[in-house]
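A short worksheet on the structure shown next.
In this note's numbering, the protein residues as written are 26 to 511.
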């Protein structure tokens, strides 16, 4: 719209003829120049017309529902629809869902879920033997937590992995194994659902189970398979694979840490170790990551229940895992690669593989500090090796009024090619100096004797494979501990 008033500083000096649209100079033909009052009235009329239009639009806008989406669906309606669709997918899997969870600190755990329309979920898992064979029921919710989410909101087998009390299922105080039980939903397909944990970012993929898998989980088949496998591991702890190069590659399964390992000695006599977490499936053992030896790659260790033997598939060919009467790789060779310390329980919890002499020394040590001026109790001991510096540090962890304190006794050591250790005590101070007299009988064995290191297999109390230190000078002095990599 053209203005007929030349009152704005940046307007042209030429006005436009309303009748002809021809630009003319106001100074040349003043007849076309409107009086100032007339100009103001024109502007006022335009403002009034514009205000009326805007006011009309305002009332039209206010007459509409403020929550109505421009897409024709309210946000809360869209969220409710998406959650309902997800629930239909969850509950529509007639034979349930299976998945595997890998905590960041190691290990793998298989789970099987059956989601009901009544907001209850039935689950099995290989976290414990009971969990593998006995159904657990808890509740679940689908909720919008910034995005659609699946929440396991009452205690279940899944919560064992995040229990903050280490006495329940291990893990770290306050966080367990850092595994989520509340998940945001990343994607939903007919046969798979991808989830990400809200707190720790736990990634899981649930896939639909078959009727055969449903039957196995719900009738005890999963528990039976795990029992058979772990009994077999205990009975035959030394197993190996042998490929075309003729080298024996030791196969190790650690049911406590849920760790699978391949180890062998290379041409230079050095240990090579490949390891990954594992979980149990209805077919045997599933590795978190594929392992490759000399071009042979596999991710499953399959269980033949009829022949009671493990095997792997390489290029569609079956390769059986064979049994050895002894370890393929000596324990001392694995020090620094597969484990770095032996953790020994308190005298109140004697472990299999402790000699009577060691048990008496360990118990007398505990009794002495209990009756001493500080009223201490041994919690556990950690024989921690640093292979690079040829040192071993004995950490004695004690309790006083439920608080933990550590006494540190350092040693250097030498080791022969045959695996004979000779320890030399180094200077100590602090808490160690306060209990050194009480610890002297134990320290004397370590300082004065030479030791060998070997595996100890417990088939009675469920400890499985332990590490053992044995005195050469005093064959009646030996003890076991858990092999831990720190």
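For every residue, glycine included, the Cβ atom is placed at its ideal position computed from N, Cα and C.
Every unbroken stretch of the alpha helix (DSSP H) spanning 4 or more residues and falling wholly within the stretch 167-237 is given here in chain order: 191-194.
Following the DSSP letters along the chain, one finds residue 387 inside the alpha helix (DSSP H) bounded by residues 381-395. If you draw a straight line from the Cα of residue 263 to the Cα of residue 110, it is about 51 Å long.
Distances from the alpha-carbon of residue 492 to those of 431, 367, 484 put 367 closest. In this structure, the beta-carbon distance from residue 274 to residue 287 falls below 8 Å. Contact annotation, residue 177 with residue 163: C-beta distance approximately 7 Å; criterion of less than 8 Å satisfied. Annotation for residue 145: the continuous beta strand (DSSP E) segment containing it runs 145-150.
For residue 325, the uninterrupted beta strand (DSSP E) segment begins and ends at 321-329.
Taking 8 Å as the cut-off, the Cβ atoms of residue 221 and residue 209 count as close.
Cβ contact annotation for residue 434 (same chain, cutoff 6 Å, sequence separation greater than five): 419, 453, 457, in chain order. For residue 453, the secondary structure class from DSSP, reduced to helix, strand or coil, is coil. Here residue 448 really is in contact with residue 417; their C-beta atoms are around 6 Å apart, less than 8 Å. If one requires a minimum length of 3 residues, the beta strand (DSSP E) runs lying completely within the stretch 424-498 are 428-440, 446-450, 475-483, 489-496, in chain order. The stretch 284-366 is shown to contain whole alpha helix (DSSP H) runs of 4 or more residues at 356-359, in chain order.
For residue 401, there is no enclosing beta strand (DSSP E), as DSSP marks it with neither H nor E. No Cβ-Cβ contact shorter than 8 Å links residue 507 with residue 470. By the Cβ test, the stretch 315-322 is not in contact with the stretch 226-237, since fewer than three Cβ pairs between them sit closer than 8 Å.
Under the DSSP definition of a beta bridge, residue 165 partners with 177.
Across the structure, residue 355 and residue 490 are spaced so that their CA atoms are roughly 13 Å apart.
At least 8 Å separates the beta-carbon of residue 205 from that of residue 235. When only Cα atoms are considered, residue 195 and residue 114 end up about 34 Å apart. The C-beta of residue 331 has fewer than 16 other C-beta atoms within 10 Å across all chains shown, which makes the residue exposed. The Cβ atoms of residue 337 and residue 326 lie closer than 8 Å to each other.
Between residue 365 and residue 298, the C-beta spacing is not below 8 Å.
Straight through space, the alpha carbons of residue 175 and residue 413 are spaced by roughly 47 Å.
Comparing C-alpha distances from residue 243 to each of 459, 123, 422 shows the shortest one belongs to 123.
A straight-line Cα-Cα distance of about 17 Å links residue 486 and residue 282. The residue among 451, 460, 279 with its C-alpha nearest the C-alpha of residue 310 is 279. Only buried fits residue 505, as 16 or more other CB atoms lie within 10 angstroms of its CB. Distance from the Cα of residue 216 is smallest, within the candidate group 118, 394, 112, for 118. With respect to residue 199, residue 188 sits apart: the two C-beta atoms are not nearer than 8 Å. With respect to residue 391, residue 382 sits apart: the two C-beta atoms are not nearer than 8 Å. Inter-residue distance for residue 375 and residue 121 is about 43 Å (C-alpha atoms, whole angstroms).
Going by beta carbons, residue 134 and residue 150 fall inside the 8 Å limit. With contacts defined as CB atoms closer than 8 Å, residue 307 and residue 247 qualify as a contacting pair.
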